[in-house]
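So the structure is just underneath, and the comments pick up after that.
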Amino acid sequence: MRSPLDSVRLDCGINRISVSHGNRPILAVPLDNRHLKLYDLSGSRLAQLPRRQRQAHRRMVCSVTWSHDSHVSTERCNLFSAGFDNKVVGWKVKFEQQ
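For the sequence shown, the working numbering gives the first residue as 158, with consecutive numbering after it.
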């Protein structure tokens, strides 16, 4: 591979990414600005988390991971983020099938 197949340009540093499994893979990107951004694999932004400041990390988000356990994913959360605020936050991310 000589050149990237696709790329996404962001306005702050990226710490660690995670790609969901399933029919529609989603890229979760934790950012230095206390937010998470979700993209599809073509590079289109789908969402930014959190939508309300009360649910936000108070410091930089350092990692994200998708839950691969179907019981956990269907009941409560399917995406987890960890930050330098000593918090792990669970998110329920749901997108319509294309």
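Each residue gets a CB set at the ideal place from its N, CA and C atoms; glycine is no exception.
Which listed residue (the options) has its alpha carbon closest to that of residue i
i    : options                : result
N190 : R202, G179, S201, A213 : A213
L198 : L188, P161, H225       : P161
G179 : W223, G170, L206       : W223
G200 : S238, C234, V165       : V165
Simplified DSSP assignment, three categories, for residue i
i    : result
R216 : coil
R211 : helix
V221 : strand
G179 : coil
V246 : strand
Euclidean distance between Cα positions of residue i and residue j
i    : j    : result
A204 : V250 : 10 Å
V221 : V186 : 7 Å
F252 : R209 : 19 Å
I183 : V245 : 20 Å
E232 : R159 : 42 Å
K194 : R202 : 7 Å
I174 : R211 : 23 Å
D242 : I171 : 17 Å
Residue i - containing beta strand (DSSP E), residue span
i    : result
F241 : Unbroken run through F241: none, as it is neither H nor E.
V186 : 183-187
D197 : 193-197
L167 : Counting along the chain, L167 falls outside any beta strand (DSSP E), and DSSP gives it neither H nor E.
R173 : No beta strand (DSSP E) holds R173; DSSP gives it neither H nor E.
R233 : Element bounds for R233: n/a, residue is neither H nor E.
R202 : 202-206
Contact belief for residue i with residue j at Cβ below 8 Å, rounded distance in angstroms
i    : j    : result
G279 : V218 : What the structure shows of the chain is the stretch from 158 to 255, and residue 279 is not part of that stretch, so it cannot be assessed.
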